[in-house]
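*Asks:*
Numbering (the UniProt record's numbering), first residue to last: 1 to 203.
(1) Are residue 28 and residue 39 touching if we call contact CB-CB under 7 Å?
(2) Below 8 Å on the Cβ atoms is my guess for residue 75 versus residue 138; work out the distance and round it to an integer in Å.
(3) For residue 187, which residues in the same chain have their Cβ closer than 7 Å to its Cβ, ignoring the five residues on either side in sequence?
(4) If you count every other CB in all the chains shown that lies within 10 Å of the CB of residue 144, and 16 or more means buried, which is it?
(5) Going by the beta-carbon positions, is the gap between residue 136 and residue 152 smaller than 7 Å?
(6) Leaving aside the five residues before and after residue 15 along the sequence, list all residues of the same chain whose C-beta is less than 6 Å from its C-beta, in chain order.
(7) Determine, using beta-carbon pairs with one atom in the segment 58-68 and one in the segment 100-109, whether at least three such pairs fall under 8 Å.
(8) What separation, rounded to the nearest whole angstrom, lies between the Cα atoms of residue 182 and residue 96?
(9) Based on DSSP bridge pairs, tell me the residues matched to residue 106.
(10) Between 130, 116 and 10, which lies nearest to residue 52 when the distance is taken from Cα to Cα?
(11) Run the CB neighbour count on residue 9, radius 10 Å, all protein chains shown included, and call it buried at 16 or more, exposed below.
(12) What would DSSP say about residue 38, mapped onto helix, strand or coil?
(13) Pick helix, strand or coil for residue 131, following the three-state DSSP scheme.
See the structure below:
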């Protein structure tokens, strides 16, 4: 991409973010985003392919820096065969969610993430960290007694719970205070589910 292209994409992403915060994502059209960015009516489709592509790019720009460094360190240790605690991996996922829940912008981003990820369990055209595959690989290495299916199902359940807690309950800007479970409680609960013994007859 050229610097000009990157600048145009950033203008669109920033315009979308501001409009989503001001009006709610459901109330913002592609046309409004293009207009707010001062660009022609086809700009979003040209640069992102679709509204979903724009939202995916926005989530990657805003959320990836919160997760990537910690997850890359754990993934490197896992790949090298070094031991790591599953609780450490869970904490690296949960703690940024808790941080996001403190601000209106963070709550809006969590809400968008929940809406976009759950249907397909993967954001299109973005970092692998927005899908379940790298997490399944790490859990499989940490708990080799689990089948591939068990690993996938456990992560699906874990992510469903996280998106429900941080994405649905706070969507998108609560009019009344929403009580979230303590971060340590979430970490302990999800870790227990991921590391529970395999049930007899599991496949």
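Glycine included, every Cβ here is placed at the ideal spot set by N, Cα and C.
*Replies:* According to the structure shown:
(1) As a working mapping, residue 28 is identified with position 28 in the chain shown. As a working mapping, residue 39 is identified with position 39 in the chain shown. No.
(2) To locate residue 75, count along the chain shown from 1; it is residue 75. To locate residue 138, count along the chain shown from 1; it is residue 138. Contact flag correct, Cβ pair sits at about 6 Å.
(3) For the purposes of this step, residue 187 is taken as the residue at position 187 of the chain shown. Beyond the five residues adjoining it in sequence on each side, residue 187 comes within less than 7 Å, by CB distance, of 87, 90, 91 and 94 in the same chain, given in chain order.
(4) On the chain shown, position 144 is the one that residue 144 refers to. Classification for residue 144: exposed.
(5) Indexing the chain shown from 1 puts residue 136 at position 136. Indexing the chain shown from 1 puts residue 152 at position 152. Contact annotation: residue 136 and residue 152 have beta-carbon atoms nearer than 7 Å.
(6) Reading the chain shown from its first residue, position 15 is the one you call residue 15. Counting only Cβ-Cβ distances below 6 Å, and skipping sequence neighbours, we find 33, 36 and 37.
(7) Of all C-beta pairs linking the segment 58-68 to the segment 100-109, three or more are shorter than 8 Å, placing the two stretches in contact.
(8) Position 182 of the chain shown, counted from the start, is the residue given in the question as residue 182. Position 96 of the chain shown, counted from the start, is the residue given in the question as residue 96. Their Cα atoms are separated by approximately 13 Å.
(9) The count along the chain shown starts at 1 and reaches residue 106 at position 106. None, per the DSSP bridge assignment.
(10) Residue numbering aside, residue 52 sits at position 52 when the chain shown is read from its first letter. When each option's Cα is compared against that of residue 52, the closest is 116.
(11) Within the chain shown, residue 9 is the residue found at index 9, counting from 1. Buried, since its Cβ has 16 or more Cβ neighbours within 10 Å.
(12) Taking the chain shown and counting its residues from 1, one reaches residue 38 at position 38. It is coil, neither helix nor strand.
(13) On the chain shown, position 131 is the one that residue 131 refers to. Reduced to three states, the DSSP call for residue 131 is strand.
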